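Take a look at the structure set out below.
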Amino acid sequence: MLLKRKSDVVGAFSSSLCLIHCIFTPFLFIVQSHSLACCEAEGVPSWWRSIDILFLAISFFAIKASVKTTTKNWMKYVLWFFWGLLFFVIVNEHFNWVHIPEESIYIPSLSLVALHLYNQKYCQCADNSCCVES
């Protein structure tokens with residue numbers, strides 16, 4: 009399966025797309041501010057906001073596959089920590105539980121990109137004999 013072999017590439021790519029999505033959202037606010045008829049009250053189409061959930065799902069499965077093949081135990085915990093942080097920031101953005109600056113989403117997104125790239129380069133088995141499928 010491609011996801012098992014390339015989970016870090018998929019995870020880094022997904023986190024990068026999420027980051028790009030987050031960077032362009034303010035520009036979409038500006039462009040769409042005059043056309044609220046087809047959009048939600050904030051001026052952003054609902055399909056654009058739902059892309060966050062898609063990135064979370066892809067990232068979840070990429071991390072799930074990556075932690076199965078990493079050689080560093082600490083990497084498992086750090087990947088899940090930053091995914092949990094990303095999950096919280098995105099869900100909080102949709103439900104507005106607490107005020108968190110919009111820029112806070114960059115921390116877990118960039119961290120996941122960096123961690124997936126690091127994991128791919130330094131934490132993978134040379135052969136699959138040392139990797140335990142669990």
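Each number in my numbering comes from the position in the sequence shown (counting from 1) with 8 added on. Every residue, glycine too, gets a C-beta built ideally from N, C-alpha and C. Owing to the predicted nature of the structure, the values given are computational and were not obtained by experimental measurement.
Measure the Cβ-Cβ separation of residue i and residue j and say whether it is below 9 Å.
| i | j | result |
| --- | --- | --- |
| S15 | F69 | yes |
| W88 | I71 | yes |
| I66 | H29 | no |
| C26 | L93 | no |
Spatial neighbours of residue i within its chain, please: CB distance less than 6 Å, with the 5 preceding and 5 following residues excluded, ordered by chain position.
| i | result |
| --- | --- |
| H124 | D16, G19, A20 |
| V121 | A20, S23, S24 |
| R57 | none |
Identify which residue in the options has its Cα closest to the Cα of residue i.
| i | options | result |
| --- | --- | --- |
| L64 | C131, Y126, I113 | I113 |
| T79 | N127, W55, S24, A73 | N127 |
| K129 | E110, E101, S74, N100 | S74 |
CB-CB under 7 Å to residue i, same chain, minus the five flanking residues each way: which ones, in chain order?
| i | result |
| --- | --- |
| V97 | I108, S112, I113, P116 |
| F103 | none |
| V86 | L123 |
| F90 | P116, S119, L120, L123 |
| L10 | Any reading at L10 needs caution, since the residue's pLDDT is 48, under 50, leaving its predicted position unreliable; the model's value is listed next. Nothing meets the Cβ criterion. |
Between which residues of its own chain and residue i is the CB-CB distance below 8 Å, once the five residues before and five after are set aside?
| i | result |
| --- | --- |
| C131 | T78, T79, K80, M83 |
| I61 | I98 |
| N100 | V106, I108 |
| F32 | none |
Going by DSSP, what residue range makes up the alpha helix (DSSP H) through residue i?
| i | result |
| --- | --- |
| N127 | 114–130 |
| I98 | 81–103 |
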